[in-house]
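J.: Residue numbers (full-length UniProt numbering): 1 to 269.
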Amino acid sequence: MKDKRVLYVSSEVIPYLPETEISSMSFEAPRMINNHGGQIRIFMPRYGNINERRHQLHEVIRLSGMNLVINDLDMPLIIKVASIPKERIQVYFIDNEDYFKRKATYTDEDGNFYKDNDERAIFFAKGVIETVKKLNWSPDIIHVHGWLASFLPLYLRNYYGNEPLFENSKIVTSVYNQGFDGTLANNTIDKVRFDAIDDEAIVELDEPNYVNLMKIAVRNSDAVIVGSEVIPDELEKYLNTLDKPVLKYHNMENFSQAYLDFYREKVLI
């Protein structure tokens, strides 16, 4: 993987959020590629419960300042960056006052799912892509973790489909048993339609639950990694129908060689 460029896009990364399968793998996989001579970039949302002072986040003025249109509203994009202590790893944070200022990740203090989580996910996907364009950094692999990042494959293939920077990029989506109950907003599909994405690409958004979001992400990916020992039955059955590479689950202790081989032999071909 020497000099290969891998973009990690995740809804959670340690040490900025508590340890989960997603946040742990979103740190361990980039560290592994870094140690094998690859070039990495990590992107995550700048949730309000991330302590900016403790983690030394600072705004990158040259990358901030553009507006992203979400459901016909102009939403300012702010980019912040921090370095993971003791590692040569930088993390880029997608921020916006309206979407990410609140002091939690996905739910309010009463445990209620935020009503605009769909818009937050769309903003995150667009924000990552626009920032990578500004960096003029063409990734060989884009590896997606977590449902809040799951719109990225859809938007990259459909909304940014003619963007030369990503012409040769391969998308890998990891599927975890870490979703959400219920659905996103009932009009999620209309917000994606606003971006002129064809109906056949988003038919599952008629019922925007976790499984259907991941189906769309997987369909727009070149390869899939199973990130949890057990995943929802419907997703497991769906993966069995695919004509694309699928890496079975490997735990944190023995994933390194399996991921390396998968990247080299199944994805970068």
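Every residue gets a Cβ at the ideal spot worked out from N, C-alpha and C, and that includes glycine.
Among residues of its own chain, excluding the 5 on either side of residue 38, which ones have a beta-carbon nearer than 6 Å to its beta-carbon?
T.: Working through the sequence shown from its first residue, we reach residue 38 at position 38. Excluding positions up to five away in sequence, the list reads 1, 4 and 6.
J.: Excluding sequence positions up to five away, which residues of its chain have a Cβ less than 6 Å from the Cβ of residue 216?
T.: Sequence index remark: in the sequence shown, residue 216 carries index 216 (1-based). Around residue 216: 154 and 204.
J.: Does DSSP put residue 145 in a helix, in a strand, or in coil?
T.: One-based indexing of the sequence shown puts residue 145 at position 145. Three-state result, residue 145: strand.
J.: Tell me which residue opens and which closes the alpha helix (DSSP H) that residue 165 is part of.
T.: Working through the sequence shown from its first residue, we reach residue 165 at position 165. No alpha helix (DSSP H) holds residue 165; DSSP gives it neither H nor E.
J.: So who's on the other strand from residue 90, going by DSSP bridges?
T.: Taking the first residue of the sequence shown as position 1, residue 90 is located at position 90. Per DSSP, 83.
J.: Give the DSSP-derived three-state secondary structure of residue 20 in the structure shown.
T.: As a working mapping, residue 20 is identified with position 20 in the sequence shown. Residue 20: coil per DSSP, three-state reduction.
J.: Decide yes or no for the touch test of the region 156-175 against the region 104-124: beta carbon pairs closer than 8 Å, at least 3 of them.
T.: Flag = no, the region 156-175 and the region 104-124 do not touch.
J.: For the putative contact between residue 115 and residue 185, defined by C-beta atoms under 8 Å, what is the C-beta separation to the nearest angstrom?
T.: Your numbering for residue 115 matches position 115 in the sequence shown. Your numbering for residue 185 matches position 185 in the sequence shown. The Cβ separation is near 6 Å, so the contact holds.
J.: Under 6 Å Cβ to Cβ from residue 33, same chain only, skipping five residues before and after it: list those, please.
T.: Translated into the one-based positions of the sequence shown, residue 33 becomes position 33. So the list reads 1, 6 and 40, once near-sequence residues are dropped.
J.: According to DSSP, residue 8 sits in a beta bridge with which residue or residues?
T.: Here the question's residue 8 lines up with position 8 in the sequence shown. Partner(s): 42 and 143.
J.: Would you say the region 44-56 touches the region 179-195, given that touching needs at least three Cβ pairs under 8 Å?
T.: Not touching, per the Cβ criterion.
J.: State buried or exposed for residue 69, treating a residue as buried only when at least 16 other CB atoms are found within 10 Å of its CB.
T.: Along the sequence shown, one-based indexing puts residue 69 at 69. With fewer than 16 Cβ atoms within 10 Å of its Cβ, residue 69 is classed as exposed.
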